[in-house]
Amino acid sequence: MKRLGKREELCIGCNQCEEACSKTFFKESLKEKSCIQIGNNAKGGYAIQVCNQCGVCIDICPIEALYRDKNGVVRVKKDICVGCFMCVGFCPEEAMRQHDDYIEPFKCIACGLCAKNCPSGAIFIEDVPVGEIEAFGETATAGEI
Amino acid sequence: MIQVNGKDFEWEEDLTVQKLLEKKRYTYPKIIVKVNDHLIPKEEYELTPIHDGDDVKVIHLLAGG
Amino acid sequence: MNVKEMLKEHKLLAEFRYELGQIERGYTNRSLYVNLSEHRIESKPVTEMMKEKFIGGKGFGLWYLWNAVTSETKWNDPENEIIISSGPLGGITQYPGAGKSLVVTLSPLTGLVIDSNVGGYFGPLLKFSGWDALEIQGKADKDVIIFIDGNEGTVRIEETPLEATDSHILGEQLTEMYAESEEDKRNISVVTAGSAGDHTLIGLLNFTFYDVRRKAVRLKQAGRGGIGTVFRDKKIKALVVRFRGVKGDLNHPADISKINKAGIKLHKEINKFDAVQNRMRQIGTANIIEVMNEYDLLPVHNYKFGSHPDADKIASNVFVEKYITQGLPDGCWYGCSLSCAKAADKFEIKTGPYKGQLVTVDGPEYENAAGLGANCGIFDPEYILESNFYCDTYGIDTISFGTITAFVMECYESGIINKEITGGLALYFGNADAAMELLHQMARGEGFGKIAGQGIRRMKKLFIEQYGADPDFLQDIGMEQKGLEYSEYLPKESLAQQGGYGLTNKGPQHDEAWLIFMDMVNNQIPTFEDKAEALHYFPMFRTWFGLNGLCKLPWNDIIPESNATADEPAKIPEHVQNYVDIFNGVTGKNIDKEELILQSERVYNFQRVFNIRMGHGKREDDKIPYRSAGPVTVEEYESRQERYDRQLIELLNYNPEGKATEEKIKVLRKYREEQYEKLVDAVYKRRGWTNNGIPKLETLQKLGIDFPEVVEVVKPYL
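Chains as they are written, first to last, in the UniProt record's numbering: chain A, 1 to 145; chain B, 1 to 65; chain C, 1 to 718.
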């Protein structure tokens with residue numbers, strides 16, 4: 001399955017990924033509306049917070065508004081979502097996102113537009129067997145040191 | 001005599017926090033123990049002695065309300 | 001028979017069309033009034049006064065009922081009403097526990113107002129359909145349903161000759177009937193009673209929600225006080241609401257950001273701490289069965305004892321490991337991440353009309369394990385689940401049933417009743433078969449079950465008048481007050497909890513205050529004044545949940561990190577602030593935590609005055625059976641002799657050496673009864689009531705509920 005992979009040690013903190021993301025989905029350049037979030041890690045480098053498609057949220061959702069599509073990407077059915085944000089509170093990566101302008105959550109769908117805009121190769125689209133992620137409840141991405 | 005949650009309790013030789021909890025049947029897993037206002041971590045219950053006259057608080061975190 | 005054929009036989013009695021309208025800041029500003037005698041359906045405005053003084057939910061229910069009845073009205077008079085209302089916060093999806101419905105009526109057990117707080121989707125869907133409250137008056141001639149279509153804007157009263165009466169079937173039938181597809185089922189909620197509502201005074205209401213994963217209709221109960229009996233007396237088979245399009249902003253809140261923020265913060269807290277705190281997501285309220293047993297608080301053998309060696313057979317892990325389906329979302333409204341609404345799936349029924357069926361049992365909750373099980377000396381998890389199932393589907397309050405059965409078992413064992421009187425049922429403690437048959441009899445309206453279904457207060461009278469029972473003994477061991485059966489905690493060693501039960505408005509239910517650990521174990525409220533403060537603050541604070549369509553559990557069944565350093569940890573200050581924030585977020589008002597208590601205090605005092613108006617609500621009504629305060633029998637005293645002897649020495653300077661147990665019981669009793677009276681004095685004082693329990697004029701004035709008709713009620717007693 002497809003997902004956004006990351007190598008945090010390559011991140012230079014330019015925030016272009018955030019801009020690409022929020023512009024694509026919300027027609028606005030605003031960090032709070034980006035599915036990917038760049039922050040700082042404890043070692044003084046950058047932390048990349050983004051969905052790893054683990055699917056924990058699918059089982060948390062009370063009304064089956066979250067599902068894995070045919071490419072293995074976890075997606076939100078906005079038409080039936082009631083906006084309870086339990087998925088936001090229970091995401092192990094804190095990568096399910098919410099903004100007060102919207103009544104449903106939003107998340108990375110591994111479209112890869114941010115990766116195209118990344119100047120350092122810190123983020124990229126990768127292919128991983130879906131069973132691997134679900135079975136190990138994996139939170140670290142392949143390639144991370 | 002010691003005080004346990006503000007009430008008198010018979011003191012005995014070699015009393016520890018662990019022994020006191022057993023004697024009082026305080027089995028609830030989520031409790032906070034203070035001896036003379038000093039917080040005792042769980043791993044030190046067995047080693048922490050209670051002396052005659054001590055003021056012990058065993059607060060159950062199932063307070064209700 | 002399929003549901004289409006049933007639907008064909010429906011006869012339309014009345015139809016009402018309405019404008020859908022708009023919810024503004026948590027209110028639709030109107031209520032739906034249905035008169036079943038006259039087939040009259042109307043829209044009534046919700047006034048600013050109502051919102052200001054009564055907030056919503058139970059407050060609205062009390063106000064409508066106050067205006068509908070007189071001091072002479074009985075529960076089965078046509079003017080008695082059933083009012084269902086959620087409250088201004090009801091239906092928000094972001095904060096756990098915000099989908100409750102509050103049901104208010106005159107109780108057949110107590111003759112007073114009863115209010116019950118219940119999950120399921122009805123209240124929120126009612127509001128989204130355009131109604132802050134549903135007010136039902138009158139009586140139908142034949143069984144009817146009231147159907148509200150919140151998208152079309154229609155309300156119909158229909159005769160329903162063919163549908164089942166029992167809830168687990170009727171809920172499924174009506175969901176199937178009114179949903180247009182499997183997808184649509186989540187948009188339906190049904191309120192039903194059951195066959196026992198026709199024959200007992202302890203009937204309950206089930207509120208449904210459709211569980212999309214189990215593909216099953218789930219039942220949540222408005223259990224206490226016999227509301228289901230009133231429902232059936234009005235010949236209501238069911239209420240059905242359908243509303244499509246639930247979203248997080250339907251309440252049109254003033255500031256959604258405050259709600260989102262508080263909600264997500266609490267979801268994170270629950271995610272992080274629930275597994276190491278109360279395990280509500282794993283086993284719900286049943287997590288405390290073994291804790292109560294360890295601390296001698298689990299009612300055993302009609303509240304004689306607080307623990308039993310066999311209690312491990314019904315400990316929470318037994319249900320977790322063998323019966324409860326894990327990993328499914330079990331919230332009774334959207335957004336409840338605490339998810340305590342557990343269920344045992346594919347449970348095979350062994351007795352009665354549904355023998356052999358594989359059913360989903362909602363539960364067990366703590367009260368059921370304790371009341372159906374331990375209190376009756378039945379330590380069998382399968383009995384607990386099966387009786388839980390039958391109570392729900394027959395529409396019987398599990399708490400009253402458990403406490404009633406425990407009472408008749410003690411009467412049986414002490415020779416007050418016998419097999420001749422019970423029609424052959426050997427109702428000794430531990431006899432699960434006899435208890436189960438008693439339950440089936442209640443549903444059939446037969447035999448001793450019909451008598452037991454009248455509740456403890458009426459049974460006491462009958463046993464005295466017909467079988468020569470000792471009235472004092474029955475008063476001591478019959479665990480009812482105001483006519484309502486006690487819920488399932490043993491309050492003997494906690495004076496504050498004796499008050500927590502005894503000084504309530506509706507009767508001894510622990511939803512006003514649960515102070516046992518704070519008082520008995522932690523000793524955090526040692527003086528009468530401390531206890532009185534707790535018995536002021538907590539009942540007022542908890543009343544507020546019922547004004548707003550909220551559940552109590554997410555308040556203190558999950559504890560935030562900040563509580564470790566909080567000034568008043570028992571209040572859970574961070575969560576109180578969450579409630580202030582979401583109230584202001586929805587309504588656009590600007591209350592603080594003090595105003596929150598005032599809102600409750602108004603309604604609480606109004607309810608007390610309502611009780612006085614109905615001829616009760618005074619000090620004599622707040623007396624408690626001695627079984628709840630101390631050992632009644634020699635057997636009880638001697639089972640905890642060391643404890644009681646020590647108390648005689650330490651508290652009374654009385655030397656128990658060489659004294660007969662009867663003598664010691666008498667001395668201890670005198671002391672404990674005096675303690676209770678002193679507590680009552682202190683609590684009345686703190687609540688601003690006279691020594692007879694009447695709210696003082698200045699209290700009513702301070703709260704702004706000194707309406708002429710309210711003052712008129714209290715005046716003769718001041």
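All C-beta atoms in this analysis are idealised placements derived from N, C-alpha and C, irrespective of residue type, glycine included. Keep in mind it's a predicted model, so treat the numbers as computed, not measured.
- The beta carbon of glycine 59 of chain C is closer than 6 Å to those of Leu547, Val603 in its chain, skipping five residues each way along the sequence.
- Contact residues of the region 58 to 73 of chain C toward chain B are absent (C-beta to C-beta distance below 8 Å).
- Of the candidates B:Thr16, B:Phe9, B:Gly65, B:Tyr28, B:Tyr28 places its Cα closest to the Cα of isoleucine 59 of chain B.
- Taking a beta-carbon distance threshold of 9 Å, methionine 614 of chain C does not count as an interface residue toward chain B.
- Of the candidates C:Pro161, C:Arg457, C:Gln94, the residue whose Cα lies closest to the Cα of glutamate 9 of chain C is C:Pro161.
- Rounded to the nearest whole angstrom, the CA to CA distance from proline 656 of chain C to aspartate 645 of chain C is 6 Å.
- Contact between the region 48 to 64 of chain C and the region 76 to 92 of chain C is established, with three or more Cβ pairs separated by less than 8 Å.
- Counting every other CB atom within 10 Å of its CB across the protein chains shown gives glutamate 290 of chain C a total of 16 or more, marking it as buried.
- Taking C-beta atoms under 8 Å as the contact rule, alanine 374 of chain C and isoleucine 314 of chain C qualify, at a distance of about 7 Å.
- Nearest CB-CB separation between valine 212 of chain C and chain A: below the 9 Å threshold.
- Using a Cβ-Cβ cut-off of 9 Å, glutamine 94 of chain C counts as an interface residue toward chain A, since at least one Cβ of chain A sits closer than that to its own.
- Cβ-Cβ distances below 6 Å link glutamate 698 of chain C to nothing in the same chain once the five nearest sequence neighbours on each side are left out.
- In this structure asparagine 2 of chain C is exposed. Its beta-carbon is surrounded by fewer than 16 other beta-carbon atoms within 10 angstroms.
- Taking 4 residues as the minimum length, the alpha helix (DSSP H) runs contained wholly in the region 104 to 187 of chain C are 122 to 128, 167 to 178, in order along the chain.
- Interface flag for glycine 120 of chain C against chain A is unset, since no Cβ pair is found closer than 9 Å.
- Here DSSP, grouped into helix, strand and coil, assigns glutamate 480 of chain C to strand.
- Distance from the CA of cysteine 108 of chain A to the CA of isoleucine 92 of chain C, rounded to the nearest whole angstrom, comes to 26 Å.
- Taken atom to atom, the span from the alpha-carbon of glutamate 365 of chain C to that of methionine 50 of chain C is near 35 Å.
- Taking a C-beta distance under 9 Å as the contact criterion, leucine 338 of chain C and isoleucine 349 of chain C do not qualify as a contact pair.
- Annotated as distal: glutamate 24 of chain C and leucine 32 of chain C, with beta-carbon spacing of 9 Å or more.
- Of the candidates A:Lys70, A:Ala20, A:Phe26, A:Gln37, the residue whose Cα lies closest to the Cα of glutamate 8 of chain A is A:Gln37.
- Taking a C-beta distance under 9 Å as the contact criterion, arginine 608 of chain C and asparagine 692 of chain C do not qualify as a contact pair.
- Near chain A, meaning a CB-to-CB distance below 7 Å, the residues of the region 244 to 260 of chain C are Val246, Lys247, Gly248, Asp249, Ile256, Ser257, Asn260.
- Taken in chain order, the members of the region 326 to 356 of chain C whose beta-carbon sits within less than 7 Å of a beta-carbon on chain A are Gly327, Pro329, Gly331, Tyr334, Gly335, Ser337.
- For the C-beta of glutamate 64 of chain A, the chain C residues within less than 8 Å are, from N- to C-terminus, Val212, Arg213.
- Listed in chain order, the positions of the region 514 to 540 of chain C with a beta carbon within less than 7 Å of a beta carbon of chain B are Trp514, Leu515, Ile516, Phe517, Met518, Val521, Asn522, Asn523, Pro526, Phe538.
- The continuous beta strand (DSSP E) containing phenylalanine 124 of chain A extends over residues 123 to 127.
- Cβ-Cβ distances below 6 Å link tyrosine 178 of chain C to Ile188, Val240, Arg242 in the same chain, with the five nearest sequence neighbours on each side left out; the list follows chain order.
- Counting along the chain, lysine 57 of chain B sits inside the beta strand (DSSP E) bounded by residues 55 to 60.
- In this chain, valine 17 of chain B is not harboured by any beta strand (DSSP E); it is covered by the alpha helix (DSSP H) spanning 17 to 23.
- Taking a 10 Å sphere around the C-beta of glycine 121 of chain A, we find fewer than 16 other C-beta atoms and assign the residue as exposed.
- The contact set of asparagine 271 of chain C on chain A, defined by CB atoms closer than 7 Å, consists of Gly89, Phe90 in chain order.
- Secondary structure at tyrosine 210 of chain C: strand, using DSSP grouped into helix, strand and coil.
- Taking the beta carbon of lysine 313 of chain C as reference, no residue of chain B falls within 7 Å; the closest one sits roughly 18 Å away.
- Note on geometry: alpha-carbon atoms of threonine 403 of chain C and tyrosine 486 of chain C lie some 7 Å from one another.
- Residues of chain A whose Cβ lies closer than 7 Å to the Cβ of glycine 263 of chain C are, in chain order, Phe85.
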